[in-house]
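Working notes, structure below.
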Amino acid sequence: MEAETDVLVVGAGPVGLALACALLQHGVTVRVIDKAAGPATTSRANFVHARGSEVLDRLDALGNLPEESVRAMTITTYAGDRPMMRIRFGDPGLGTAAPPMVISQARVEAHLRERLAELGGRPEWGAALAGFQQDSDGVTAVLGDGRTVRAGWLAGCDGTGSAVRKLAGIGFPGVKVSERFLLVDGRLDPGSGSGLDRSGTSGWTHADGVLGAMPMPGEQWRLLAYDAAFSADKPSEEEIAERVRQILPERTGLPGIRLHDVTWASLFSVHRRLADAYRDGRVLLAGDAAHVHAPFGGQGMLTGLGDAENLAWKLALVVHGVADGAAAERLLDTYQAERRPLATAVLRGSTAATKVNIAGSPLGRFLRDQVLVRVFNQAWIQRWTTYTTSQLWVSYRRGPLGRPRVGLFGGRGRKPRPGDRIGDLVCRRPDGRRTRLHAELRGRWAVLGDGIECDAAFEAARQRLGDRVARLHTDGTAAAPTDGTAASPAAGPALLVRPDAHLACKGGPADLTRWLARWLDGALA
692 MEAETDVLVV GAGPVGLALA CALLQHGVTV RVIDKAAGPA TTSRANFVHA
742 RGSEVLDRLD ALGNLPEESV RAMTITTYAG DRPMMRIRFG DPGLGTAAPP
792 MVISQARVEA HLRERLAELG GRPEWGAALA GFQQDSDGVT AVLGDGRTVR
842 AGWLAGCDGT GSAVRKLAGI GFPGVKVSER FLLVDGRLDP GSGSGLDRSG
892 TSGWTHADGV LGAMPMPGEQ WRLLAYDAAF SADKPSEEEI AERVRQILPE
942 RTGLPGIRLH DVTWASLFSV HRRLADAYRD GRVLLAGDAA HVHAPFGGQG
992 MLTGLGDAEN LAWKLALVVH GVADGAAAER LLDTYQAERR PLATAVLRGS
1042 TAATKVNIAG SPLGRFLRDQ VLVRVFNQAW IQRWTTYTTS QLWVSYRRGP
1092 LGRPRVGLFG GRGRKPRPGD RIGDLVCRRP DGRRTRLHAE LRGRWAVLGD
1142 GIECDAAFEA ARQRLGDRVA RLHTDGTAAA PTDGTAASPA AGPALLVRPD
1192 AHLACKGGPA DLTRWLARWL DGALA
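Per the numbering used here, the very first residue in the sequence shown carries number 692; after that it's consecutive.
Encoded structure:
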C-alpha cells in the first residue's frame, strides 16, 4: 500500500510541532494529528533554556518570543522574610545568541504552529490514534473515527500517556518521587513592604513544604507549592486556587499577599519514568512519551525539543533514501543511543532537586537551608548551574556517531571533536555576505572552513547530501563568547556540521567521504 505521508506525527504539543517543522524543512512530508479538540491555552511549562531557544531559532520559529518573554534570571530563596540565597542565571561563555526565556508553553506552541503553516502543514485536531499495524514498508494507523492513514513512519509525541507507546507495547517503568504539588497561574498583590518584585523567581522554605513564585508575561505569576497535606479528591481549579490563597501568607510570612484573577490551576505528583526503547521498527518516541520527570530545572520541554531535532535529520536521510537498508537501521538506532543517556541524566538531576525541595525531616531541612544555601551562594556554583540546566554542554562525543576508530573522522586532537556542539558562529557565505551558522542549519548541513581542501570537502559532502549542505567560510568572530566545545575554528580542517549544530566530522574530503560512507552506506561497520 502506498504511503499517504512520509511521517505521521501523533501529538501537536511543542515536541510534535517541532518534529513536524524540522521534517518539512528537510523536505519530508508530514501529517500531524492530536486527540484534543484544539490548541491548549494554559501555560503549562513556562521556561525555555538557551538550547531550546537555539532549536526554535534553527526551526525559524523563534520570532519575537524573546521580546514577549520575561527576563527573570534570578532565584531568591527566603525563610519567612529573610533572604537566604540568590542564584543569578546568565550565559557563562556558552557560545549562544539565543536567550533563555520565561514564556508560556502555549506561546511557544503558537509560534511553532505558525511556522508549520508557513511550511505547508497544520495539526488535525480531534483526531485520536486508536491503533496501528506496521510492516516492512510502513505503518497503517487507525484513527478514532475509523479512518486509516498510511505512513512510512509513526512518531509518538503524545505525552506521558502516549497512545503510540502503549500500542507499541514499549515499557515505561518508573517510580513516584513526591506527593502533591499545587500549581496556579494568576495575579499577585504582594502587599506593602514585601520586597517581592518581578525581577526574578522567589521561593520560600517552610516546614509544611516549599512555595515558589515566578513572574510570567502579562503581569501574571506562576505559583508552585508542595502540599502533601492537601487531600481533596479530584479538586476543582477553584478549590486548588483557594488552598493556595490559604497557604500563601503562611509560607511566605507576608500577611498582606493576595492571589486574584486566577487563569489556571492544576495539581500533580512527580513521577520519574523512562521508556525501555525509543524505537520499535517504524515507530519512534520523543519528548514526554519517552521520558517524564520533575519540573524543577525546566528540563522537560527543553529535552523534548532536542529529541525532535535529533530525530528529524536522521529520519529525513532514511526517508529520502540517502541512508538505506542496514545503514538506515544503524542510523536510526543512533537516535536512542544519543538521546536516552541524556534523558537518564536529566531524570537523575530533577529527582535529586525534587527530594531537596521537599525535604521534610529535620536533617533534610538543615542540609537544604543551611548547607546548600551556602554552597549555592558561590558564584562558580551559579555558573555551573546555568551551564548544566542550559543543556548547551550536551555532546554526543561518546555516542556511536562521535566515537570513530582511531585516526578516522578527526576523532583526536583539538576541540571541537565529533559529537560536540558548535556555537552560533558568525561566518560568511561564498559571496562574502555575513551570516550565522545556526541560521544556515535550517534543514541543512554545513561545511565550514577555508581553503582548497575545505572546498573539496564541500564537494564531497554535496555528492552524498545534495543541495542540503551549505558552504560557509570562517569570519573570525563569534556571535557570542565561546567555551572549549564551541570554539571558533578560525583555521584548520573543514568541519561538517549536522543540522542540529553538532559536529559530524572534521578533516579533508577523504575524511568526510569515509564518515558519510560509514553511516549512509554501512561501510566500515
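The beta carbon of each residue, even a glycine, is placed where N, CA and C say it ideally should be.
| query | result |
| --- | --- |
| CA-to-CA distance, Val1085 to Glu759, given in whole angstroms | 27 Å |
| Residues bridged to Asp876 (per DSSP) | Arg913, Trp955 |
| Met792 - partner residues in DSSP beta bridges | Val739 |
| Which of helix, strand or coil DSSP assigns to Glu815 | strand |
| Where Leu1116 falls: helix, strand or coil (DSSP) | strand |
| Beta-carbon proximity check, Ala920 vs Ala709, cutoff 8 Å | no |
| Those runs of the beta strand (DSSP E) which lie wholly inside the segment 822-871 and span at least 3 residues | 830-834, 839-847 |
| For Val1009, three-class secondary structure by DSSP | helix |
| Gly1198 beta carbon less than 8 Å from that of Ala1208 | no |
| Where Val961 sits in the DSSP three-state scheme | strand |
| Three CB pairs or more closer than 8 Å across the segment 788-800 and the segment 739-749 | yes |
| Expected contact under 8 Å - CB spacing of Val974 and Gly847 to nearest Å | 7 Å |
| Touch test, the segment 743-757 against the segment 814-822, Cβ-Cβ under 8 Å, three pairs minimum | no |
| Element boundaries [beta strand (DSSP E), containing Val721] | 721-725 |
| Beta-carbon proximity list for Leu1215, same chain, < 6 Å, skipping 5 on both sides | Residue confidence for Leu1215 is low, a pLDDT of 49 falling below 50, so the modelled location carries little weight; the figure read from the coordinates is stated next. Around Leu1215: Arg1209. |
| Three CB pairs or more closer than 8 Å across the segment 1012-1020 and the segment 716-729 | no |
| Assigned exposure category for Ser853 - 16 Cβ within 10 Å defines buried | buried |
| CB-CB length for Ala1161 against Thr1204, believed under 8 Å | No, Ala1161 and Thr1204 are not in contact; Cβ-Cβ is about 18 Å, not under 8 Å. |
| Spatially closest choice to Ala797 from His1164, Arg871, Gly729, by CA coordinates | Gly729 |
| Continuous alpha helix (DSSP H) stretch holding Leu714: start and end | 705-716 |
| Of the listed residues Arg871, Gly900, Glu910, nearest to Asp880 (C-alpha basis) | Glu910 |
| Beta strand (DSSP E) segment containing Asp1202, residue limits | Note, Asp1202: premise wrong, no beta strand (DSSP E); alpha helix (DSSP H) at 1200-1211. |
| Cα-Cα separation, Asp1202 to Arg970 | 30 Å |
| Cβ neighbour criterion (16 or more within 10 Å) applied to Ser922 | exposed |
| Asp1120, buried or exposed, once every other Cβ within 10 Å from all chains shown has been counted against 16 | This sequence places Arg at residue 1120; Asp is not what is there. Classification of Arg1120: exposed, given that the 10 Å Cβ count is below 16. |
| contact_flag[the segment 1028-1044, the segment 984-994] where n(CB pairs < 8 Å) is 3 or more | yes |
| Helix, strand or coil at Ala1091 [DSSP, three-state] | Note on identity: in this sequence residue 1091 is Pro, with Ala being the wrong assignment. Three-state result, Pro1091: helix. |
| At least 3 beta-carbon pairs within less than 8 Å: the segment 855-869 vs the segment 947-963 | yes |
| Backbone secondary structure at Met992 - three-state DSSP | helix |
| Burial state of Asp1158, where buried means 16 or more other Cβ atoms lie within 10 Å | exposed |
| CA-to-CA distance, Arg1189 to Gln825, given in whole angstroms | 30 Å |
| Limits of the unbroken alpha helix (DSSP H) element including Ile938 | 928-943 |
| According to DSSP, residues forming a beta bridge with Ser893 | Thr767, Ala904 |
| Short Cβ contact (8 Å threshold) for Gly663 with Gly1090 | Here the chain has residues from 692 to 1216 only, and residue 663 is not among them. |
| CB of Leu1256 within 8 Å of CB of Gln1082, strictly | Since the first residue shown for the chain is 692 and the last is 1216, residue 1256 is missing from the structure and cannot be characterised. |
| Alpha carbon of Arg1124 to alpha carbon of Ala956, nearest angstrom | 50 Å |
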